[in-house]
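First up is the structure itself, then whatever we jot down about it.
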Amino acid sequence: MSAIEFVTRLREIPAYPAAEAYGYQGERALMASNETPWPPHPAVLEAVKEALGGLNRYPDPSKSALRRRLAERHELAPGRVTVGNGSCEILLAAAQAMLEPGAELVYAWPSFSIYPHLAAMTGARAIAVPLDEDGRHDLEAMAAEVTAATRMLLVCNPNNPTATALPVEAIEAFVAEVPRHVAVILDEAYIEFGLLQDPDESLPLLDRHPNLIVLRTFSKVYGLAGIRVGYALGPEDFRLGVERVWQPFAVNAVAQVAAAEALRHGDEVARRVERTAVERLHLQGELEERGLSVTDSQANFSWVSLGDRDEAEVLEGLGARGVIVRGGTGLGGAGHLRVTYGTRAENDRFLRALDEVL
Ligand SMILES: Cc1ncc(COP(=O)(O)O)c(C=O)c1O
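The numbering used here applies: residue 9 is where the sequence shown begins, and numbers increase by one.
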């Protein structure tokens, strides 16, 4: 042990619950991190290769080409587009820019595991509002928690880890009720995968509600989790605020190029959404046939209730067979598995392993 001293607040910050690899030696089915199983589009890989030759230069600090392309894609002014090193970084920066001791942050629970960090690292008070019995956000209960001290509300739609989604009308009614000084961050990391609504349906809300920020990522449907790019759409002062707390070159040059190229291939996104929906139907159906209950997934993963089975045993049994999924305990929902859809072969491997374990 060293004698290094840390800030007191560090004790409050939870460690990120990384998936365990269980020491399996062969090829693993990686179904724990809500990535897509398909590699990036060939044109993206080509653009990345080309960008590598310029790595002696710093990246564009204002990420102008990517911000411009995102602005065109979402029909917003480029000044309203914030680009970060993954959407996680935007969340952390928003916390640094908006939260402090005495301020309050409201989010649903269980939800994305990074949310509790935002309060812990800034000394703000976290108010975690339980999901309803179907694993959905209880927006009424969340609205009831808003006080004069509330600075930020997080709504994860579809929700990680329960995969459920709320219709855009419910979100808008909620945002309309929230006082304007409260930033509502609508985390839509998985929005493209849902069949409830067109992913663009939440965008008109941005013009009606100046305290709304929509958060999106290239890590999921675009298949670029390894390169780290996320973005936020919202008022320009949100961007200016979070950029103030960042280092100047926060998003690397290769990532900027890759994301901009990925945006050109909407047809590929549509294909992935379709393939995901097919796998979702397959896996959800197979799980239900085995008597396991799942929530109504609108994402690229299922939230599976294990009933009275031992979660750790199931996880270990799957891990020993090379199938890596996430246990609910580390995500705030003990007695569950969160299973990211893989290829058909991976999904069937998961089912076979599950049959053996159960
Ligand atoms: C709800 C939600 N928001 C944001 C993220 C972070 O994505 P990124 O890779 O853009 O940091 C994730 C990743 O799992 C997520 O589940």
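Positions of the beta carbon are idealized from the N, C-alpha and C atoms, including for glycine.
- Relative to residue 75, the option among 320, 290, 269 and 333 whose CA is nearest is 269.
- Secondary structure of residue 69 (DSSP, three-state): coil.
- A direct Cα-to-Cα measurement between residue 161 and residue 245 gives close to 17 Å.
- Of the other Cβ atoms in all chains shown, 16 or more fall within 10 Å of the Cβ of residue 195; this residue is therefore buried.
- Here residue 88 is not near residue 231, since their CB atoms are 8 Å or more apart.
- In the same chain as residue 361, and ignoring 5 residues on each side of it, the C-beta atoms closer than 6 Å to its own belong to 326, 329 and 331, in chain order.
- Take residue 263, set aside five residues on each side of it, and the residues of its chain with a beta-carbon closer than 7 Å to its own are 235, 236 and 237, in chain order.
- Straight-line spacing of the CA atoms in residue 64 and residue 95 works out to 26 Å.
- Here the alpha carbons of residue 203 and residue 293 stand approximately 17 Å from one another.
- Selection 123, 131, 150 and 134 evaluated against residue 140 yields 150 as nearest (Cα-Cα).
- A direct Cα-Cα distance of roughly 15 Å separates residue 148 from residue 176.
- In the three-state scheme derived from DSSP, where H, G and I count as helix and E and B as strand, residue 358 is classed as helix.
- A distance below 7 Å between beta-carbons, with the five flanking residues on each side excluded, links residue 98 to the following residues of its chain, in chain order: 90, 92, 223, 238, 240 and 250.
- In the structure shown, residue 161 adopts extended strand secondary structure according to DSSP, grouped into three states.
- Relative to the Cα of residue 285, the nearest Cα in the group 266, 273, 307 and 275 belongs to 307.
- Around the beta carbon of residue 340, a 10 Å sphere encloses 16 or more other beta carbons of the protein chains shown; the residue is thus reported as buried.
- In this structure, residue 124 lies away from residue 187, with their beta-carbon atoms at least 8 Å apart.
- Secondary structure in the region 153–197: the alpha helix (DSSP H) runs of 4 residues or longer, each lying completely within the stretch, are 176–185 in chain order.
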